[in-house]
Structures are given as structure tokens and as C-alpha cells.
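Protein sequences appear in the order of chains A and B. Under the working numbering, the first residue of the first sequence is numbered 151, with each subsequent residue one higher. Under the working numbering, the first residue of the second sequence is numbered 151, with each subsequent residue one higher. Even for Gly, the Cβ is constructed at its ideal location relative to N, Cα and C. The model shown is predicted, which means the values in this text are computed figures rather than measured ones. In what follows, a structure is listed as C-alpha cells, so that the remarks can point back to it.
There are 2 protein chains.
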Amino acid sequence: MIGSVIKAIEVMQAFTSSNPVFSLAELTRILPYPKTTIYTLLQTLESKGFVEKYENGKYSLGTAIIPLTQAVRINVQLRDRAAPLLRILSDYCHESVYLAIKDGDQCLYIYAIESSDRLLARSAIGEVGPMYCSSIGKAILSFMPENEVNSIIENEVLVKYTDNTITDPVVLRKELAEGRQKGFCLDNSEHEHDVYCIGAPIFNEHAEPIAACSISGTDVEMLSSKLVKFSAVLRYTAQEISRRMGFIPSRETMIWRDATNPFL
Amino acid sequence: MIGSVIKAIEVMQAFTSSNPVFSLAELTRILPYPKTTIYTLLQTLESKGFVEKYENGKYSLGTAIIPLTQAVRINVQLRDRAAPLLRILSDYCHESVYLAIKDGDQCLYIYAIESSDRLLARSAIGEVGPMYCSSIGKAILSFMPENEVNSIIENEVLVKYTDNTITDPVVLRKELAEGRQKGFCLDNSEHEHDVYCIGAPIFNEHAEPIAACSISGTDVEMLSSKLVKFSAVLRYTAQEISRRMGFIPSRETMIWRDATNPFL
DNA sequence: AAGTTAGTTCGGTATTGTAGAATGATGTTG
DNA sequence: CAACATCATTCTACAATACCGAACTAACTT
């Protein structure tokens, strides 16, 4: 374990989308290292383009980080395989489509096809979010071993983001059981107001739920009149992505192509 | 300058999308450092999620890199401001839309809205490409100071990717002059076969061309019947993005809204 | 079974990262 | 306008620790 590398990473991770600019002094307040240590770290990172220095002496993360993402394993192995299928899904549904993985106790969004009515300015890629109140997170949880689900649900305060957020572990567990049976989970505006989602899990070759994809919209019809059609194509998409990850669906749970399926 | 941090970065940058997996031995062949040095660097990076270790002992880049991109300055300052405008542009044109910045002598793609007929599986975000044979690159070059243009054109071999690639500096310079006058540049399948693009430059508050956006399609109509309409809305989009970057367009070059403009 | 290659552990040395203090630059307040 | 405060940067000296050779183990090859 090389201390200076650890510290360099901690310096980079101090920067966030809501706080993307720091002066040296501000960083010394955040991090438990002396000024000069952080100073030389910043200079080193700057020489490689990992941080940039503003005119006014402030620092932010540099562009050299962006090309690295193309080589990240999950992007090569999962995103690049899933992208064409998600494209078809998005064209069929005319709604935003997301791909996120389980990253520790959270979901990490690694791909998005955002439809025009998504008003959020920022790209979701790279964002992390809670598992218990998103369709993606619940879809992953619903197929995880019970003890792991417990450790995620119980080691975390279930924050009530909206009126619909499920904060009762009993209710949540019931919904996960239901999701496991149906093969998909919903987000009835449980995280953001007026955002409705359907999420379906993606499995790896060991049949572990490592990720999920979702259809997301601002129309509540998503969970009523459109649900049957959308959930079917979403589950099929997730299954085909899983297949490309080496997963072999069982005969009972397999989803077949039919007339309502755009993947004919 | 901290040596171990430099080395750690060099280790990470050894991974690419075409070569995303390495064993320790392979890395020692690529990098001029002893086995044990690279070994401890990998272990350190792994502890922070910056590299991941496969079952078979091989290494690849880890997911912890992905959230960092949300805090990268250019993504906060430019991408997040440009995204809604590019969304409108894409909806209007029904074509793929790209945003790339000048990064040294190359273009770095930082945002993309890919339309359904884009068959490429991979996301372009994070990719780098040459400036002299893309509409984005030429759009940036066309507004750069002459000496900087020279250093890019002359220090680089102009590879002939397709039959249409311009490899003659004289022809290229003439086209850049034309682009500067018109306010946009074309890519007539000069980099990839059957890909046609229109690119327009984006300026910062100092009126420097720091980036460009483009409309990209597989239909040659892009450069004929659709050109007038598309180039107008593209230029307007680029201007409005520039404005959000602090650029103040001059009265002569300003593009006004009109009936063919979706931004009414 | 011998040989080759790769991953990992170990330990001594010398490099070099670290942090205190001092300096210079900038901005702020009375 | 001066006195003060804050911040970035330079310098220096010591001690920590990164570094790398060598040794060891495991897996695979011939």
C-alpha cells in the first residue's frame, strides 16, 4: 500500500459534481494532511492532466480522467454489450432508459439514453443513488441473497425522499419478494417527484444480479396502462443482456419473443 | 512531483478500450518499472476500486473511476450546460449529436446523443480522435490562431483513413479558411466510411474555440439537401452554448432565430 | 521430472515524500 | 493607508517508506 497514491486518490475523490472546485486551503480543511503534502500531490496530478488549475489558483478535476472510462471493465464487459439492446428498447418505448450496476450498497449509473422529456440538465452517467427506492436498485435487491439484502437495508437509514418512499423494511421486503416473482420492480415516484420507473435485473454467468436496466418517465401511465407492454420488453431486454454476460436463463423463467416484442 | 503517483497514473493509462485487461507480467513488459513496484501499485489502486482483479489474476480498471467524471471541470462547465441544447438539436434533426473538446492535438468526445441508426455498439464518450479529418476538429481548427494550427497540422502525419481524407495541408488550410467564413465545417466521410457530419465551434469567454458540436449521420443527404437547414440550427446551438460559456457574439456573426429554427 | 513463467513475500537501502517553518503574494479590515 | 489575515509557494532536514533485487511458491510446459 503506497501512501502517496492513497492520498492522491483521496484528493481526487474530494471533488464532486456539487463541489467541483477547491482551493488548496479548502482541500487542507477537508483532508487530514498537511498543506504541502496536498500541494505536491496536486502538482503531480496536474502534470498528468488529472487536475486542472484555474486562473485564480483553484483546482478541479482534469480531462485526463475521461478517456480512462472507456477502459473500465464494467464499461467494456457490460455497457458496450448492453448499449445496442437498450437502444432498441428506448426506440420502442420512447422513454429514457438507464443501465446501472450494484456498487457496494449503492447503484452506479453507467449508461443512459435520455429521451427529450427528461428535463434534467446533467448526464446521469457516473451518478450514484440508493438501492431501496429506485426500480433498478430494487430489481437488483430482489434477486440478492437474503443476508446481503439485510446488510444493505439495515445498515442504512431509509430516507424518505418523497411521500411514496418506502421506509418500512417490512413493506420493502414484501415488495422485493413480489418483484422477484414478477421479474421486475417499480419506482412509483419514490426517489424523485413525478418520476416513474420499471426496472429489471441483469445477471452474470453465476446468476448473480449484478446490474439492472430501467425505463423511466414522467408519466404515471408508466405504472398502469403501459406497464404490461413495457415490463415485458424490459424483462426481455434484461434477459438478453444477461445472456451476453454468460447467463443461461432457466426454462421456467425464460421470456420468449412474441407479437408485443420489438425484438422480433 | 511524487514518483509513485506518476507511476500509478501510468499504470492506469496503460489500460485502453482495445486492451482493457492485463496480467502483472504483461504490465511489467509495457512499463519500465520492476515487477514488485507495479505489483504494489496495483494493490494500492485495487484497494480504492481504481483497478479490479479478475478471478484469473488479471487486472482491469475499476468502477471507482466512473463517478469521478461527474466532477471533471469540463463536464460541469461545458457538458452540463450544453446537454439540454444538444437534446433539442437532436430531436429536431433526428440524427446523432456529439460534443467534443480540443484536448492537446486531438478531440476528446465528452457527450453524445446517439440516434437509433448509429450502429456502433460503443459509447463515444471518452474517445479521442484526430482533428484534421472530423467536422468537430476542423470546426475548432478553423477558428484557432494560425501558428497553433500549423503546429497541429505539421507535427502530425495526416493519415488517409478513407478515400476522402484530406492529407494535403494546402487543401486542408483552404477548407479551414472556408469553414471560418461559413461558421461550420463538414466531414464528408473523411474519417469513417459512410459517416457524414457537420460541426460548429464553441467559444469560451475569451472567444477561443475550445470545443465543437456536430450532427452526424450515415446519409449523404446530410451534406446536400439537409445542409442548409441543419447547419443553421447547428450554428445556432453552438452559439447558444458559447453564450452559456460567457462568450459574447459579435453583431456581425450573430445568428438570429427564424422560422427554420427549432429554438423559437 | 526438469524447466519455464508468473505471482507473491521479504528485507535492506537509499531515495524521497513529509511537514514545519519561512517567504512572498494577495486580499481584507479597521 | 497601515496592519492584519489568509493563502500559495519555496526551502530544508529528517524519517518514513517506496523501491527493487532476491528468494519462494505455484502453475503450466516440454
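### Any 3 or more C-beta pairs closer than 8 Å across the stretch 220-232 of chain B and the stretch 250-264 of chain B
yes
### Query
Hey, out of S292/A, L228/A, I348/A, whose CA is closest to V321/A's CA?
S292/A
### Message
Quick check on DSSP: helix, strand or coil for C363/A?
### Response
strand
### Coil, strand or helix - E264/B by DSSP
coil
### Message
In this structure, how does DSSP classify E390/B when only helix, strand and coil are distinguished?
### Response
Judged by DSSP in its simplified three-state form, E390/B adopts helix.
### Query
If the cut is a Cβ gap below 7 Å, which residues of chain B does S167/A touch?
Q220, A221, V226
### Residue ranges of each beta strand (DSSP E) within the stretch 163-216 of chain B, 3 or longer
201-203, 209-211
#### Entry: Spatial distance of R401/A from S392/A (CA atoms)
When rounded, the distance between both Cα atoms is 15 Å.
### Task
Starting from S240/B, follow the alpha helix (DSSP H) in both directions and report where the run begins and ends.
Here the alpha helix (DSSP H) through S240/B covers 230-243.
### Query
Between E196/A and the rest of its own chain, which residues show a CB-CB distance below 8 Å, the 5 nearest in sequence each way excluded?
E202, K203, Y209, G212
#### Entry: Burial state of G287/A, where buried means 16 or more other Cβ atoms lie within 10 Å
buried
### For V463/A, the first and last residue of its enclosing beta strand (DSSP E)
No answer is possible for residue 463/A: the residues shown for chain A start at 151 and end at 414.
### Task
Rank Q220/B, V161/B, A361/B by C-alpha distance to the C-alpha of V278/A and give the top, closest one.
Q220/B
#### Entry: Interface positions of the stretch 251-262 of chain A facing chain B (Cβ-Cβ less than 8 Å), listed along the chain
I251, D253, L258, I260, Y261
#### Entry: Given A164/B as reference, the closest of C243/B, P182/B, I152/B, N297/B once Cα atoms are compared
P182/B
### Message
With three or more C-beta pairs closer than 8 Å as the rule, is the stretch 184-194 of chain A touching the stretch 166-184 of chain B?
### Response
Taking a cut-off of 8 Å for Cβ pairs, the stretch 166-184 of chain B and the stretch 184-194 of chain A do not touch, as fewer than three such pairs fall below it.
### Task
Anything in the stretch 153-164 of chain B with a Cβ closer than 8 Å to a Cβ of chain A? List those residues in chain order, please.
Those residues of the stretch 153-164 of chain B placed with their C-beta closer than 8 Å to a C-beta in chain A are S154, V155, I156, A158, I159, M162, Q163, ordered along the chain.
### Task
Pick helix, strand or coil for A357/B, following the three-state DSSP scheme.
coil
### Task
Could you work out which residues of chain B lie near K198/A, taking near to mean beta carbons separated by less than 9 Å?
Here the neighbours are V155, I156, I159, E160, Q163.
### Query
What first and last residue would you give for the alpha helix (DSSP H) that runs through V320/A?
319-332
### Task
For I348/B, write down the residues that DSSP places opposite it in a beta bridge.
L336/B, I365/B
### Query
What residues are listed by DSSP as bridge partners for Y259/B?
A250/B
### Query
Between L384/B and A350/B, is the Cβ-Cβ spacing less than 8 Å?
Taking a C-beta distance under 8 Å as the contact criterion, L384/B and A350/B qualify as a contact pair.
### Query
Three-state secondary structure (DSSP) at R155/A?
The amino acid at residue 155/A is misidentified as Arg; the sequence shows Val. Here V155/A sits in helix by DSSP.
### Query
Who are the Cβ neighbours of A274/A in its own chain at under 8 Å, not counting the five residues just before and after it?
Y248, Y259, A262, E264
### Query
Within the 8 Å Cβ cut-off, does R385/B reach chain A?
no
### Query
Which chain A residues sit within Cβ distance under 7 Å of P412/B?
By Cβ distance, chain A contributes nothing, its closest Cβ being about 11 Å from P412/B, past 7 Å.
### Task
Give the residues of chain A in contact with G279/B, contact being defined as C-beta atoms less than 7 Å apart.
Correct list: empty, because the minimum Cβ distance to chain A is about 11 Å.
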